[in-house]
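Protein chains in written order, with this note's numbering: chain A, 475 to 617; chain B, 9 to 395. Every residue, glycine too, gets a C-beta built ideally from N, C-alpha and C.
Written out as structure tokens, the structure is:
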């Protein structure tokens, strides 16, 4: 478990029944349709393949590859003023390469984060400010 | 479409840096709409429909009454897409007039980013839901961050260098130096200054980003029977298109067209409806919220393959005086002003009339493309000659 990469007052996601497994299960889980087996990300109320609405949330290996990266230098919001430069990455899980997951690579020099580098998922524990539930934000480390 | 409608009037307020306009968004809308009506040689009672896009600050009914327009017969707003809907709005007006629901539809946008909040910033406190829940908590909140990611992947996939981004910004600034209305008039940009400018979000420098502006503009879409008799030469509407592929609306970079291809269906529809090819186009205005997305748009819509876009935009290829594709001849979002792209439709009309400050000699086919940021994207094609 690690500290939050972005500042404590930066918005956290609204937790819903369909995204709780991603944001609060302590594992990297993707939504899988019970009817047709399609895995989709981000999770949604209906399956975009068959329009059914019951799902499982399958655990992935947590290993992935950086598909895309930007380093943000201009904060665009006062809450990020002390955070720049920060990185934003898109990671594809090695076992579900069609899913693209947006996150941050932590504990790394931004210049070392390139398209194609392997990463592993790590989790930042942060209390939900409204419910007190423990959120586990998926983040990434170089491997 | 193909001879049923034309743009008959154009109007603009002055354009300002964000927060610098002394006039409210309503006042600037009034200036632009009344200027467009007068330009067409119509009266307020001739205008009977209104279209806009994006969550405009004004309710259409309120604005209609504030502006003293006559009996309203048609009102609509393009759905989704943000600035990608600029051509959709014109297409909706065209559809309404072609169907006979209205005779003269005004399409407008008015922005006072000083009052409304600057579009480039985030500054929201609510916890993000739906697709934004998978972007904002990780800092992919401001438009530039999302466009930087799209651009980075497009460049990586297709072997595009930073020089191609520079060429878009330089073409915008080149044309803005000839346009006294442009906010960046009198502020030329060199390639060296482009490369020396600060990063906003890699690979986007300061000059890769559109301006934030205050201002308003409007165009009038009229039926063909009136267009022939009005004050100005008609800009005939050959075709409009709004679209995306089946999976184009999925969230957080999981759309099927990532990182490019979002405008390809729009191109296919447009060329088929108009019966022309990209090579026939004399002049084009592209909604460049960011230079990188414009490279994607140029290739998506059909001017070249993605891997060929760097050569396509290089040198003076985008210049009004002899370029392969004269591009953003008023300076575009980057160097004229960002009126959410609708000012590019005004410039597309000027090219057809022969009144641009960077006039393409003999321009006949004049294109406006809005996208590929938030789908659906759109495009509209104008012609100096009745089809």
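- In the three-state scheme derived from DSSP, where H, G and I count as helix and E and B as strand, residue 219/B is classed as coil.
- With 16 or more other Cβ atoms inside 10 Å of its own Cβ, residue 234/B counts as buried.
- Annotation for residue 160/B: 211 place their beta carbon closer than 6 Å to its own, counting only its chain and skipping 5 residues before and after.
- If you draw a 10 Å sphere on the C-beta of residue 92/B, you find 16 or more other C-beta atoms in it, and that means buried.
- Residue 578/A reaches chain B at 146, 147, counting residues in chain order whose Cβ is nearer than 9 Å.
- Taking C-beta atoms as the reference points, residue 291/B and residue 337/B count as a pair closer than 8 Å.
- Assignment of beta-bridge partners to residue 380/B by DSSP yields no partner.
- Check the Cα spacing between residue 279/B and each of 386/B, 298/B, 295/B: the tightest is with 386/B.
- Residue 96/B sits buried, since 16 or more C-beta atoms from the chains shown fall within 10 Å of its C-beta.
- No residue range can be given for residue 260/B, since it is assigned to no beta strand (DSSP E) and is classified by DSSP as neither H nor E.
- At least one CB atom of chain B sits nearer than 8 Å to the CB of residue 544/A.
- Runs of the alpha helix (DSSP H) lying entirely within the segment 78-156 of chain B and spanning at least 4 residues, in chain order: 94-107, 121-124.
- In the three-state reduction of the DSSP assignment, residue 269/B falls in the coil class, being assigned neither a helical nor a strand state.
- Distance check between residue 547/A and each of 539/A, 584/A, 535/A, 571/A places 584/A closest, using alpha-carbon atoms only.
- Excluding the 5 residues flanking it on each side, residue 139/B has same chain C-beta neighbours closer than 7 Å at 259, 260, in chain order.
- The Cβ atoms of residue 98/B and residue 229/B lie closer than 8 Å to each other.
- Listed along chain B, the residues sitting closer than 7 Å to residue 560/A by beta-carbon distance are 147.
- Relative to residue 121/B, the option among 220/B, 289/B, 310/B whose CA is nearest is 220/B.
- With contacts defined as CB atoms closer than 8 Å, residue 288/B and residue 352/B fail to qualify as a contacting pair.
- CA-to-CA, the gap between residue 158/B and residue 49/B works out to about 44 Å.
- A distance of 8 Å or more separates the beta carbons of residue 343/B and residue 308/B.
- Within chain A, the residues placing a beta-carbon under 8 Å from that of residue 131/B are 551, 552, ordered along the chain.
- The count of Cβ pairs closer than 8 Å, one atom from the segment 603-617 of chain A and one from the segment 569-583 of chain A, reaches three, so the stretches are in contact.
- Within the DSSP secondary-structure output, residue 490/A pairs in no beta bridge.
- Secondary structure at residue 484/A: coil, using DSSP grouped into helix, strand and coil.
- Taking a cut-off of 8 Å on C-beta distances, the segment 500-513 of chain A does not touch the segment 147-158 of chain B, as fewer than three cross pairs fall below it.
- Taking a C-beta distance under 8 Å as the contact criterion, residue 562/A and residue 540/A do not qualify as a contact pair.
- Interface residue (Cβ-Cβ distance to chain A less than 8 Å): residue 92/B is not classified as such.
- Residue 179/B and residue 324/B have their C-alpha atoms some 8 Å from each other.
- Across the segment 503-532 of chain A, CB contacts with chain B closer than 7 Å involve 515, 516, 522, in sequence order along the chain.
- Judged by DSSP secondary structure, residue 309/B falls within the alpha helix (DSSP H) whose first and last residues are 299-309.
- According to DSSP, residue pairing for residue 207/B in a beta bridge involves 213/B.
- The contact set of residue 128/B on chain A, defined by CB atoms closer than 7 Å, consists of 550 in chain order.
- Chain B has no Cβ within less than 8 Å of the Cβ of residue 555/A.
- Pairing residue 55/B with residue 544/A gives a Cβ-Cβ distance that is not under 8 Å.
- In this structure, 297/B is the residue among 297/B, 112/B, 223/B, 23/B with its C-alpha nearest to the C-alpha of residue 177/B.
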